[in-house]
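Novice: Chains as they are written, first to last, in the working numbering: chain A, 335 to 446; chain B, 335 to 446; chain C, 335 to 446; chain D, 335 to 446.
We put the CB at the ideal spot given by N, CA and C, even for glycine.
There are 4 protein chains.
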Amino acid sequence: MTSSEGCLHCADPVDMAPGDPERVVVQPEKKRLLSRINRIEGQVRGVGRMVEQDRYCVDILTQITAIRAALDSVALQLLEDHAHGCVSRAIAAGEGEEAIAELIDVVRKLKG
Amino acid sequence: MTSSEGCLHCADPVDMAPGDPERVVVQPEKKRLLSRINRIEGQVRGVGRMVEQDRYCVDILTQITAIRAALDSVALQLLEDHAHGCVSRAIAAGEGEEAIAELIDVVRKLKG
Amino acid sequence: MTSSEGCLHCADPVDMAPGDPERVVVQPEKKRLLSRINRIEGQVRGVGRMVEQDRYCVDILTQITAIRAALDSVALQLLEDHAHGCVSRAIAAGEGEEAIAELIDVVRKLKG
Amino acid sequence: MTSSEGCLHCADPVDMAPGDPERVVVQPEKKRLLSRINRIEGQVRGVGRMVEQDRYCVDILTQITAIRAALDSVALQLLEDHAHGCVSRAIAAGEGEEAIAELIDVVRKLKG
């Protein structure tokens with residue numbers, strides 16, 4: 335189930351957003367996720383301002399590590415919901431091999 | 335030279351921006367740094383849109399790992415310039431101990 | 335399925351090693367895994383020798399990063415086999431919630 | 335000061351071990367460093383035993399994350415001593431550029 339084939343397991347018919355049915359996953363924590371991502375966007379803008387204002391290097395670096403931690407936390411939430419949703423359904427439908435390989439690939443990338 | 339005392343070594347008199355002289359560091363790659371941070375801000379906004387549009391989890395996670403890599407690269411640039419600037423001047427002035435302890439502390443946080 | 339309750343799903347009766355059946359998981363790549371771990375042990379011993387022989391710091395640090403990469407690779411192999419084995423069987427048996435929470439917890443620790 | 339040229343700054347004549355003077359750095363915390371590396375070697379051997387004994391995957395993975403944390407801590411100690419020793423002396427001698435580039439390169443590798 336490479337991303338191009340999307341993940342039909344997740345999109346219960348009733349939740350299918352309009353548009354391309356192949357790639358639809360309604361995140362269970364959508365609203366909270368959006369507000370966290372929004373906050374991260376503001377933090378990145380803040381780092382830009384700190385460079386603009388010639389702030390001390392270490393202060394800027396400390397702010398970047400905070401942004402990374404926030405991003406990692408969003409990523410782990412997405413990963414957990416993906417495992418509970420897409421991967422579980424694929425396994426329950428007897429198609430776990432590919433879903434797990436894809437999951438481990440994401441973990442490898444996230445480990446950096 | 336904790337961040338509160340700022341880093342007088344870096345701010346050559348001629349570069350001193352107006353405002354608080356205690357905390358001023360003009361980044362050598364300021365313009366390029368700002369455009370990189372700007373691009374990262376756009377990427378974070380893009381992740382928000384992907385969640386908004388119920389995009390496939392793995393696609394969103396892949397985009398987050400790209401943002402992390404971009405952030406890490408900005409952080410390493412800042413760290414290198416900090417070492418060449420602030421830390422080197424502190425060492426040359428015989429005040430390296432604190433500057434190095436602060437540098438290693440940033441490395442510890444960046445390692446995550 | 336916390337580690338104390340072990341993982342009965344993985345240990346097919348025929349493979350059950352003697353001793354405590356509660357904690358038995360026969361790794362599918364056991365032999366290869368053992369030789370990789372053996373090699374890592376030798377590399378760590380090598381780092382000790384480098385310190386003993388007062389070798390240049392950067393050479394020792396480079397060797398440590400190689401050991402970390404080898405450890406990470408063993409960990410990802412174990413994680414993938416765990417997901418294909420323990421987690422998949424727990425999900426197929428309708429007990430995926432706990433197995434996935436445990437999986438994500440390991441990912442969080444591995445991310446460091 | 336690439337590792338092949340070694341770091342003459344660090345090796346005070348009186349501490350020069352026999353053998354190749356080009357690559358000699360006597361670590362300030364040598365004894366403690368050796369005992370920490372020794373312990374890590376034992377931990378890796380322990381992971382081998384856990385695989386041998388078919389222990390539960392998550393228990394083995396948890397032990398690997400502990401080894402990684404111990405390795406990272408040894409690496410940061412080496413990095414700090416390197417910065418206080420080799421890098422500081424190179425900077426004080428007006429040869430900081432290369433020493434700092436080498437330091438940042440190690441940080442990049444350690445970040446993984």
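#1: Three Cβ pairs or more, each shorter than 8 Å: is that satisfied between the region 362 to 375 of chain B and the region 404 to 420 of chain B?
#2: Quick one: does ALA409(C) have its CB under 8 Å from some CB of chain D?
#3: Any C-beta of chain D within less than 8 Å: which residues of the region 423 to 442 of chain B qualify?
#4: Grab the span of the alpha helix (DSSP H) containing GLN361(C) for me, first residue to last.
#5: So, at 8 Å on beta carbons, what are the nonlocal neighbours of GLN361(D) in its own chain, with the 5 sequence-adjacent residues on each side left out?
#6: What separation, rounded to the nearest whole angstrom, lies between the Cα atoms of LYS445(C) and ILE434(C)?
#7: Closer than 8 Å by C-beta to GLY430(B): which residues in its own chain qualify, once you throw out the five before and the five after it? Chain order, please.
#8: Give the residues of chain D in contact with GLU375(C), contact being defined as C-beta atoms less than 8 Å apart.
#9: Could you name the residues of the same chain whose beta carbon sits closer than 8 Å to that of ALA400(C), not counting the 5 residues immediately before and after it, in chain order?
#10: By alpha-carbon positions, which one of ILE398(D), LEU437(D), ALA427(D) ends up nearest to ALA417(B)?
#11: Taking 8 Å as the threshold (beta carbon to beta carbon), is LEU412(B) in contact with chain D?
#12: Distance check for GLY382(D) and ARG496(B), CA to CA, integer angstroms please.
#13: Just to confirm the assignment: which complete beta strand (DSSP E) runs, minimum length 3, are found wholly within the region 356 to 426 of chain C?
#14: Let me know if GLU432(B) comes out buried or exposed under the rule of 16 or more other beta-carbons within 10 Å of its beta-carbon.
#15: Please classify GLY428(D) as buried or exposed, where buried requires at least 16 neighbouring CB atoms within 10 angstroms.
#16: Considering only C-alpha positions, which residue in the set LYS364(B), GLU375(B), GLN397(B) is nearest to GLN387(A)?
#17: Name the chain A residues that come within less than 7 Å of LYS445(C), Cβ to Cβ?
#18: Can you round the beta-carbon distance between VAL440(C) and LEU405(D) to whole angstroms, since I take them to be within the 8 Å contact cut?
#19: To the nearest angstrom, how far is the alpha carbon of ARG389(B) from that of ILE398(B)?
#20: Identify the continuous alpha helix (DSSP H) that holds GLU432(C) and give its terminal residues.
#21: Name the chain B residues that come within less than 7 Å of ARG366(A), Cβ to Cβ?
#22: Answer with yes or no whether the minimum CB distance from ALA400(B) to chain D is below 8 Å.
#23: Near ASP393(B), what residues of its chain come up, given a Cβ to Cβ distance below 7 Å and the 5 sequence neighbours on each side ignored?
#24: For ILE374(A), collect the residues of the same chain with a Cβ closer than 8 Å to its Cβ; drop the 5 residues on either side in sequence, then sort them by chain order.
#25: Let me see if you follow: with CB-CB separation under 8 Å, is GLN397(B) close to chain A or not?
#26: CB VAL358(D) to CB CYS391(C), shorter than 8 Å?
#27: Using only the alpha-carbon positions, how far apart do GLY419(B) and ALA426(C) sit?
Specialist: Considering the structure as presented:
#1: Contact between the region 362 to 375 of chain B and the region 404 to 420 of chain B is present, with at least three C-beta pairs closer than 8 Å.
#2: So, interface residue.
#3: In summary, the residues of the region 423 to 442 of chain B whose CB is separated from some CB of chain D by less than 8 Å are ILE425, ALA426, GLY430, GLU431, ILE434, ALA435, LEU437, ILE438, VAL441, ARG442, in the order they occur in the chain.
#4: That residue, GLN361(C), is in no alpha helix (DSSP H); it is neither H nor E in DSSP.
#5: Scanning its chain for C-beta atoms nearer than 8 Å, with the 5 sequence neighbours on each side dropped, one finds around GLN361(D) the residues LEU367, LEU412, ASP415, in chain order.
#6: Just so you know, the alpha carbons of LYS445(C) and ILE434(C) end up roughly 16 Å apart.
#7: Cβ within range, chain order: VAL421, ALA424.
#8: GLU375, VAL378, ARG379, GLY382, listed in chain order.
#9: GLN377, listed in sequence order.
#10: Looking at the Cα atoms, LEU437(D) is the closest of the given residues.
#11: For LEU412(B), no Cβ of chain D is located within less than 8 Å of the residue's own Cβ.
#12: Outside the shown range of chain B (335 to 446) lies residue 496(B), about which nothing can therefore be said.
#13: Fully enclosed beta strand (DSSP E) runs of no fewer than 3 residues are not present anywhere in the region 356 to 426 of chain C.
#14: Counting Cβ neighbours within 10 Å, GLU432(B) comes out exposed, since fewer than 16 surround it.
#15: With fewer than 16 other Cβ atoms within 10 Å, it is exposed.
#16: If we check each option's Cα against that of GLN387(A), LYS364(B) comes out closest.
#17: Neighbours of LYS445(C) on chain A, chain order: ASP406, LEU444, LYS445.
#18: So it is not a contact: roughly 18 Å between Cβ atoms.
#19: Across the structure, ARG389(B) and ILE398(B) are spaced so that their CA atoms are roughly 13 Å apart.
#20: Counting along the chain, the unbroken alpha helix (DSSP H) around GLU432(C) starts and ends at 430 to 445.
#21: Chain B residues near ARG366(A): none, gap ~10 Å exceeds 7 Å.
#22: For ALA400(B), the nearest beta carbon of chain D is not closer than 8 Å to its own beta carbon.
#23: Contacts found: MET384.
#24: These residues qualify, in order along the chain: ILE401, ALA404, LEU405, VAL408.
#25: No, because no Cβ of chain A sits closer than 8 Å to the Cβ of GLN397(B).
#26: No, these two residues do not count as a Cβ contact at 8 Å.
#27: So the alpha carbons of these two residues sit roughly 58 Å apart.
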